[in-house]
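Engineer:
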Amino acid sequence: MPTVLILGANAGIGRALATEFASHHYDLILAGRDKEELVILAADLGLRYKVCARAITVDLGNFEMLESALRDCFKAAGDSFEGFVLCAGYLGSPEAAKTDLGEARRTLEINFTGSALALEVAANYFEQKRRGFICALSSVAGDRGRQSNYLYGSAKGGLTTYLQGLRNRLYHCGVQVITVKPGFVDTRMVFGKGKLPLVASPEKVARDIYRAVTARRDVVYVPWFWRTIMLIIRLIPESIFKRLRM
Ligand SMILES: NC(=O)c1ccc[n+]([C@@H]2O[C@H](COP(=O)([O-])OP(=O)(O)OC[C@H]3O[C@@H](n4cnc5c(N)ncnc54)[C@H](OP(=O)(O)O)[C@@H]3O)[C@@H](O)[C@H]2O)c1
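For the sequence shown, the positions run 1476 to 1721 when this note's numbering is used.
1. Go ahead and pull the three-state DSSP assignment for residue 1603.
2. Specify the secondary structure class of residue 1656 as computed by DSSP and reduced to three states.
3. Hey, quick one: how far does the beta strand (DSSP E) through residue 1531 stretch, first residue to last?
4. Are residue 1481 and residue 1505 close, meaning C-beta to C-beta below 8 angstroms?
5. Could you have a look at residue 1507 and say whether DSSP puts it in helix, strand or coil?
6. What does the Cβ neighbour count give for residue 1737, buried or exposed, with the cut at 16 atoms within 10 Å?
7. Could you name each continuous alpha helix (DSSP H) segment of 4 residues or more that falls completely within the segment 1611–1644, going from the start of the chain to the end?
8. Let me check understanding here. Comparing Cα to Cα, which of 1634, 1519, 1702, 1558 lies closest to residue 1658?
9. Would the beta-carbon of residue 1684 be found less than 7 angstroms away from any heavy atom of ligand 1?
10. Entirely within the segment 1540–1608 and at least 4 residues each: give me those alpha helix (DSSP H) ranges in chain order.
11. I need the straight-line Cα distance from residue 1628 to residue 1613, nearest angstrom please.
12. Can you find a heavy atom of ligand 1 that lies under 7 angstroms from the Cβ of residue 1565?
13. To the nearest whole angstrom, what separates the beta carbons of residue 1596 and residue 1542, a pair I think is in contact under 8 angstroms?
14. Pull up the distance between the alpha-carbon of residue 1675 and that of residue 1632, whole angstroms please.
15. Could you tell me the alpha carbon to alpha carbon distance between residue 1527 and residue 1579, rounded to whole angstroms?
16. Taking 7 angstroms as the line, does the beta carbon of residue 1536 fall inside it for any heavy atom of ligand 1?
17. Determine the contact status of residue 1518 and residue 1531, defining contact as a CB-CB distance below 8 angstroms.
18. Among the residues of its own chain, which have a CB less than 7 angstroms from the CB of residue 1673, if the five just before and after it don't count?
19. Using beta-carbon positions only, say whether residue 1497 and residue 1520 come within less than 8 angstroms of one another.
20. Does DSSP classify residue 1501 as helix, strand or coil?
21. Where residue 1494 and residue 1715 are concerned, what is the direct C-alpha to C-alpha distance, given to the nearest angstrom?
22. Beta-carbon within less than 8 angstroms of residue 1685's beta-carbon, same chain only, minus the 5 sequence neighbours each way: which residues are those?
23. Would you please state the rounded distance, in angstroms, between the beta carbons of residue 1611 and residue 1655? I believe it to be under 8 angstroms.
24. Here's a check: name, in chain order, each residue in its chain whose Cβ is nearer than 7 angstroms to the Cβ of residue 1678, leaving out the five neighbours to either side.
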């Protein structure tokens, strides 16, 4: 059976995606910071779907440990290792980040630096293997900067550009790179943010992501209608956009 590693599998979209891959008979490596929760999830999915699932600790904020932690588990996964999905991300408090440089730094480091470094480790592994896929969750927030979350949005925008370059690099050795741009998804990340429009469930988003991976897509908006919404938002002239409260 093919094996997929999901980083950020303990919660939200990553957790739903782990269930989705398990239901399609993928063995799983569930990675993240909350090892206790990941071990419980691995046992549950293993029992329910008769797959092999194990848990490992990876912290995107620990740059020193990132390479060795990921390399070890890629090696342990062996020849069946097919794909790496980066589901981890940090919205934090955009309001606090305006005055708290620690929070601003965390937002930038988790969503861009740590994410890009983890993806580099995966890229080097799959480049040698000459097959497989890398899928990462960026965000529609990266398509245009807005006052309500521009630190998070700029890190995601950087991640989207990084993934473009990575796709171009890995195309030549047969490795697929999929950029996923979710709109609002009903997870802990948006909890308490008030009434948001067009909120999708993590299960629906996970199904769309699984389909994008198997269809070997390049860039997907999930749900699909966010592509049109973001096209319209990107078309608003800057002289008007800067006056809006978004
Ligand atoms: N929800 C939305 O509306 C939305 C919209 C657009 C894009 N996205 C993106 O979708 C992805 C999944 O988000 P979600 O909605 O599922 O949010 P979530 O429920 O808050 O899950 C975020 C995941 O990221 C992990 N994470 C955070 N910091 C980490 C670190 N330093 N090292 C390793 N893992 C870390 C969390 O682990 P811990 O439990 O240990 O913190 C958790 O597993 C993120 O990249 C997010 O930016 C979400």
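Here a beta-carbon is modelled for each residue, glycine too, at the ideal position from N, C-alpha and C.
Structural biologist: Quick answer:
1. On the sequence shown, position 128 is the one that residue 1603 refers to. DSSP places residue 1603 in helix when its eight states are reduced to three.
2. In the sequence shown, counting from the first residue as 1, residue 1656 sits at position 181. Correct three-state label for residue 1656: strand.
3. The residue labelled residue 1531 in the question sits at position 56 within the sequence shown. Note, residue 1531: beta strand (DSSP E), 1528–1532.
4. If you number the sequence shown from 1, residue 1481 lands on position 6. If you number the sequence shown from 1, residue 1505 lands on position 30. For residue 1481 and residue 1505, yes; Cβs fall inside 8 angstroms.
5. As a first step, residue 1507 is located in the sequence shown; it is residue number 32 there, counting from the start. Strand at residue 1507.
6. Any property of residue 1737 remains undetermined from this structure, which presents the chain solely from 1476 to 1721.
7. none
8. As a working note, residue 1658 is residue 183 in the sequence shown. That would be 1702, whose Cα lies nearest to the Cα of residue 1658.
9. Against the sequence shown, residue 1684 aligns to sequence position 209. Checking every heavy atom of ligand 1 against the Cβ of residue 1684, none is found closer than 7 angstroms.
10. 1569–1572, 1576–1583, 1590–1604
11. Here residue 1628 refers to the residue found at position 153 of the sequence shown. Here residue 1613 refers to the residue found at position 138 of the sequence shown. Whole-angstrom Cα-Cα distance: 9 angstroms.
12. For this step, residue 1565 is matched to residue 90 along the sequence shown. Yes - ligand 1 has a heavy atom lying nearer than 7 angstroms to the Cβ of residue 1565.
13. Reading the sequence shown from its first residue, position 121 is the one you call residue 1596. Reading the sequence shown from its first residue, position 67 is the one you call residue 1542. About 5 angstroms separates the two Cβ atoms, so the contact holds.
14. Along the sequence shown, read from residue 1 onward, the residue named residue 1675 stands at position 200. Along the sequence shown, read from residue 1 onward, the residue named residue 1632 stands at position 157. Approximately 21 angstroms, taken between the alpha carbons.
15. Mapped onto the sequence shown, residue 1527 falls at position 52. Mapped onto the sequence shown, residue 1579 falls at position 104. If I take the Cα positions, the gap works out to 38 angstroms.
16. Here the question's residue 1536 lines up with position 61 in the sequence shown. At least one heavy atom of ligand 1 is nearer than 7 angstroms to the Cβ of residue 1536, so yes.
17. In the sequence shown, residue 1518 corresponds to position 43, counting from 1. In the sequence shown, residue 1531 corresponds to position 56, counting from 1. Not closer than 8 angstroms, so no.
18. For the purposes of this step, residue 1673 is taken as the residue at position 198 of the sequence shown. The answer, listed in chain order, is 1658, 1659.
19. The count along the sequence shown starts at 1 and reaches residue 1497 at position 22. The count along the sequence shown starts at 1 and reaches residue 1520 at position 45. The answer is yes: Cβ separation under 8 angstroms.
20. In the sequence shown, residue 1501 corresponds to position 26, counting from 1. Of the three classes helix, strand and coil, the one that applies to residue 1501 here is coil, per DSSP.
21. As a working note, residue 1494 is residue 19 in the sequence shown. As a working note, residue 1715 is residue 240 in the sequence shown. Near 43 angstroms, if we compare the C-alpha coordinates of residue 1715 and residue 1494.
22. As a working mapping, residue 1685 is identified with position 210 in the sequence shown. Excluding positions up to five away in sequence, the list reads 1492, 1495, 1496, 1499.
23. Along the sequence shown, read from residue 1 onward, the residue named residue 1611 stands at position 136. Along the sequence shown, read from residue 1 onward, the residue named residue 1655 stands at position 180. Confirmed, about 7 angstroms.
24. For the purposes of this step, residue 1678 is taken as residue 203 along the sequence shown, with counting starting at 1. The residues are 1491.
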